[in-house]
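*Asks:*
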Amino acid sequence: MTQLTLLCLPYSGASAMVYSRWRRKLPEWLKLQPVELPGRGMRFDEDLQTDMPALVQQLARELRGSLKAPYAIFGHSLGALLASELAHALRAMGCPPPVALFASGTAAPSLRDEYDRDLARPKSDAELLEQLRSLQGTSSEALENEELMSLTLPILRADFLLCGSHRAVERPQLDCPVHVLGGTTDRATTEQLIGWSRETRGSFSVDMFAGGHFFIHEHEPKVLRLIKDHLDVHHRRHTMTATA
């Protein structure tokens with residue numbers, strides 16, 4: 004049975020291990036591969052990165068030696084931007100393209116002027132805590148835990164600077180399908196989500212979920228079912244090719 008790898012990139016302030024529980028809920032043919040960023044999780048001893056192009060090149064170099072087709076890329080929020088940039092970087096290195104790109108919970112790369120407003124400057128701890136409260140994805144107990152916040156806020160500050168440093172670049176579109184996920188009460192507008200269609204010559208879809216920025220956790224079974232359904236056709240095609 005052909006396995007399809009799903010690379011998953013984390014959102015701001017998080018480790019890639021936020022996706023680890025998905026392993027138990029995905030079919031055997033879909034292999035989850037969280038992509039950890041420097042400065043968190045198993046890479047906690049590495050320096051945090053605030054330069055998007057440099058980080059993407061680093062990740063692409065790390066992945067290209069072991070990455071084999073077929074694979075797809077998923078990212079939420081900051082992770083969606085990284086996923087898109089990673090697809091371009093891997094292509095430039097001669098790697099096979101992903102069978103699909105999933106961009107979740109953020110505005111398209113070409114429509115970020117308003118979305119990323121004020122993220123280019125470092126935020127104070129107070130501003131970061133207020134941002135976490137507004138996103139409603141962190142419990143009050145965690146927000147009041149000074150030790151935990153002393154570890155989390157530097158990561159969040161660096162990740163916001165990553166978003167703030169991102170600039171849209173004129174380049175050939177991707178060839179793979181792009182599937183966008185959005186929350187009905189999240190910051191990204193319908194126009195900003197549909198703007199992801201400019202990133203590909205392939206097919207495009209948008210699916211909306213009730214809730215705010217962390218709808219991927221609130222509606223985890225539906226999100227995973229959507230990912231599985233989109234990738235099932237690619238899995239079956241590659242399996243048929245391998246056994247032909």
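In the numbering used here, the protein residues as written are 4 to 247.
Heads up, the beta-carbon is just placed ideally off N, CA and C, and yes, glycines get one too.
Keep in mind that this is a model prediction, so the values were computed, not measured.
1) Is the distance from the Cβ of Phe-207 to the Cβ of Pro-180 below 9 Å?
2) Do Leu-12 and Leu-89 have their CB atoms nearer than 9 Å?
3) Taking 9 Å as the cut-off, decide whether the C-beta atoms of Val-209 and Leu-196 are in contact.
4) Report all residues from its chain with a CB closer than 6 Å to the CB of Leu-184; omit the five preceding and five following residues, and keep chain order.
5) To the nearest angstrom, how far is the alpha carbon of His-237 from that of Leu-9?
6) With 16 as the cutoff for other CB atoms within 10 Å, does Ser-80 come out buried or exposed?
7) On a CA-only basis, which of Cys-166, Thr-141, Ala-161 and Asp-178 is nearest Pro-99? Give me that one, please.
8) Would Pro-37 be called buried (16 or more neighbouring beta carbons within 10 Å of its own) or exposed?
9) If you check the beta carbons only, do Tyr-22 and Leu-35 fall under 9 Å apart?
10) Please name the residue or residues paired with Tyr-14 in a DSSP beta bridge.
11) Return the chain-ordered list of same chain residues with a C-beta closer than 6 Å to the C-beta of Ser-69, the five sequence neighbours on each side being excluded.
12) Roughly how many angstroms lie between the CA atoms of Val-172 and Gly-198, to the nearest whole one?
13) Considering only the beta carbon of each residue, do Gly-82 and Leu-138 sit closer than 9 Å?
14) Are Gln-61 and Pro-41 close, meaning C-beta to C-beta below 9 Å?
15) Identify whether Ala-72 lies in helix, strand or coil by the three-state DSSP scheme.
16) Among Leu-58, Asp-235 and Gln-52, which one has its Cα closest to the Cα of Ile-158?
17) Please state the DSSP three-state secondary structure of His-238.
18) Please state whether DSSP places Val-172 in a helix, a strand or coil.
19) Return helix, strand or coil for His-79, following the three-state DSSP convention.
20) Decide if Pro-112 is buried, meaning its Cβ has at least 16 other Cβ atoms within 10 Å, or exposed.
21) At the level of alpha carbons, what is the spacing between Glu-71 and His-169?
22) List the DSSP bridge partners of Asp-128.
23) Considering only the alpha carbon of each residue, which of Leu-29, Tyr-118 and Ala-86 lies closest to Glu-223?
24) Whose CA, out of Pro-101, Gly-44, Glu-49 and Met-45, lies closest to the CA of Arg-67?
25) Is the distance from the Cβ of Ala-191 to the Cβ of Ala-75 below 9 Å?
*Replies:* According to the structure shown:
1) The sequence position of residue 207 within the sequence shown is 204, counting from 1. The sequence position of residue 180 within the sequence shown is 177, counting from 1. In this structure, Pro-180 lies closer than 9 Å to Phe-207 by Cβ.
2) In the sequence shown, counting from the first residue as 1, residue 12 sits at position 9. In the sequence shown, counting from the first residue as 1, residue 89 sits at position 86. Going by C-beta atoms, Leu-12 is nearer than 9 Å to Leu-89.
3) Within the sequence shown, the letter at position 206 stands for residue 209. Within the sequence shown, the letter at position 193 stands for residue 196. For the pair Val-209 and Leu-196, the CB atoms are nearer than the 9 Å cut-off.
4) What you label residue 184 is simply residue 181 of the sequence shown in a count that begins at 1. Once the five neighbours on either side are set aside, the close Cβ partners of Leu-184 are Ser-107 and Asp-210.
5) Locating residue 237 in the sequence shown gives position 234, counting from the first residue. Locating residue 9 in the sequence shown gives position 6, counting from the first residue. Whole-angstrom Cα-Cα distance: 12 Å.
6) Position 77 of the sequence shown, counted from the first residue, corresponds to residue 80. Counting Cβ neighbours within 10 Å, Ser-80 comes out buried, since at least 16 surround it.
7) For the purposes of this step, residue 99 is taken as residue 96 along the sequence shown, with counting starting at 1. The residue among Cys-166, Thr-141, Ala-161 and Asp-178 with its C-alpha nearest the C-alpha of Pro-99 is Asp-178.
8) Taking the sequence shown and counting its residues from 1, the one referred to as residue 37 is at position 34. Counting Cβ neighbours within 10 Å, Pro-37 comes out buried, since at least 16 surround it.
9) Here residue 22 refers to the residue found at position 19 of the sequence shown. Here residue 35 refers to the residue found at position 32 of the sequence shown. Yes, these two residues count as a Cβ contact at 9 Å.
10) Position 11 of the sequence shown, counted from the first residue, corresponds to residue 14. Note: Tyr-14 sits in no beta bridge, so no partner.
11) The residue given as residue 69 occupies position 66 in the sequence shown. Nothing listed; no residue qualifies.
12) Taking the sequence shown and counting its residues from 1, one reaches residue 172 at position 169. Taking the sequence shown and counting its residues from 1, one reaches residue 198 at position 195. Straight through space, the alpha carbons of Gly-198 and Val-172 are spaced by roughly 14 Å.
13) Working through the sequence shown from its first residue, we reach residue 82 at position 79. Working through the sequence shown from its first residue, we reach residue 138 at position 135. Cβ atoms of Gly-82 and Leu-138: not closer than 9 Å.
14) Here residue 61 is taken as the residue at index 58 of the sequence shown, counted from 1. Here residue 41 is taken as the residue at index 38 of the sequence shown, counted from 1. In contact: Gln-61 and Pro-41 (Cβ atoms closer than 9 Å).
15) In the sequence shown, residue 72 corresponds to position 69, counting from 1. Ala-72 falls in the coil class under three-state DSSP.
16) Locating residue 158 in the sequence shown gives position 155, counting from the first residue. Among Leu-58, Asp-235 and Gln-52, the Cα nearest to that of Ile-158 belongs to Gln-52.
17) The residue you call residue 238 lines up with position 235 of the sequence shown. His-238: helix per DSSP, three-state reduction.
18) Position 169 of the sequence shown, counted from the first residue, corresponds to residue 172. The answer is coil: DSSP assigns Val-172 none of H, G, I, E or B.
19) Working through the sequence shown from its first residue, we reach residue 79 at position 76. It is a strand residue.
20) Numbered from 1 along the sequence shown, position 109 holds the residue referred to as residue 112. The residue is buried, with at least 16 neighbouring Cβ atoms inside 10 Å.
21) Within the sequence shown, numbered from 1, the residue matching residue 71 stands at position 68. Within the sequence shown, numbered from 1, the residue matching residue 169 stands at position 166. Residue identity check: residue 71 is Lys in the sequence provided, not Glu. Their Cα atoms are separated by approximately 28 Å.
22) On the sequence shown, residue 128 is found 125 positions in, with the first residue counted as 1. Per DSSP, none; premise fails for Asp-128.
23) Counted from its first residue, the sequence shown places residue 223 at position 220. It is Leu-29.
24) Position 64 of the sequence shown, counting from 1, holds the residue named residue 67. If we check each option's Cα against that of Arg-67, Pro-101 comes out closest.
25) Along the sequence shown, read from residue 1 onward, the residue named residue 191 stands at position 188. Along the sequence shown, read from residue 1 onward, the residue named residue 75 stands at position 72. Taking 9 Å as the Cβ cut-off, Ala-191 and Ala-75 do not qualify as a contacting pair.
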